[in-house]
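Numbering (our numbering), first residue to last: 26 to 113.
Every residue, glycine too, gets a C-beta built ideally from N, C-alpha and C.
Heads up, the thing below is written out as structure tokens.
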Amino acid sequence: MNVRTLRAQLAQALRRAEGGERIVVTVGGRPVAQLGPVESDLDRSPTIEDLVARGLLIRARRDDRPEPSLVVPLWAGARLDRLLREIR
Numbered sequence: 026m027n028v029r030t031l032r033a034q035l036a037q038a039l040r041r042a043e044g045g046e047r048i049v050v051t052v053g054g055r056p057v058a059q060l061g062p063v064e065s066d067l068d069r070s071p072t073i074e075d076l077v078a079r080g081l082l083i084r085a086r087r088d089d090r091p092e093p094s095l096v097v098p099l100w101a102g103a104r105l106d107r108l109l110r111e112i113r
């Protein structure tokens, strides 16, 4: 949607954005902005990428991850003392 159309139809564009639609705003045919719904931080947990982008987290220099030493399947109603006994 170009800027002129956005100005003329701002209320309609805001209703569409509120409904979940993302609207790309163009200037001279080139995309320059995006209008869309606001994602609430309460709806989802931040990802590692989100935290890195905000400067709240610095990525590890090494990307090799140790393999988990032991995988224990859990089931509903399992007692912790019995699971620990199986592991030991």
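By Cβ distance below 8 Å, which residues in the same chain neighbour residue i in space, the five residues on each side in sequence not counted?
{"i": "Val52", "result": "Asn27, Val28"}
{"i": "Leu35", "result": "none"}
{"i": "Gln59", "result": "Arg47, Ile48, Val49, Val50"}
{"i": "Arg41", "result": "Ile48"}
Are the CB atoms of residue i and residue j nearer to each other than 8 Å?
{"i": "Leu61", "j": "Arg47", "result": "Per the sequence shown, residue 61 should be read as Gly rather than Leu. Taking 8 Å as the Cβ cut-off, Gly61 and Arg47 qualify as a contacting pair."}
{"i": "Val57", "j": "Val50", "result": "yes"}
{"i": "Arg86", "j": "Val77", "result": "no"}
{"i": "Leu82", "j": "Ile73", "result": "yes"}
Kindly indicate which three-state DSSP category residue i falls into: helix, strand or coil?
{"i": "Arg69", "result": "coil"}
{"i": "Gln121", "result": "Because the chain here runs from 26 to 113, residue 121 falls outside it and cannot be looked at."}
{"i": "Ile112", "result": "helix"}
When you compare the CB of residue i with every CB in chain B, is at least one pair closer than 8 Å?
{"i": "Ala38", "result": "Structure shown: chain B not included; a single protein chain is present."}
For the region 27 to 58, which segments carrying the beta strand (DSSP E) assignment without a break, of at least 3 residues, lie completely within its bounds, in sequence order?
48 to 52
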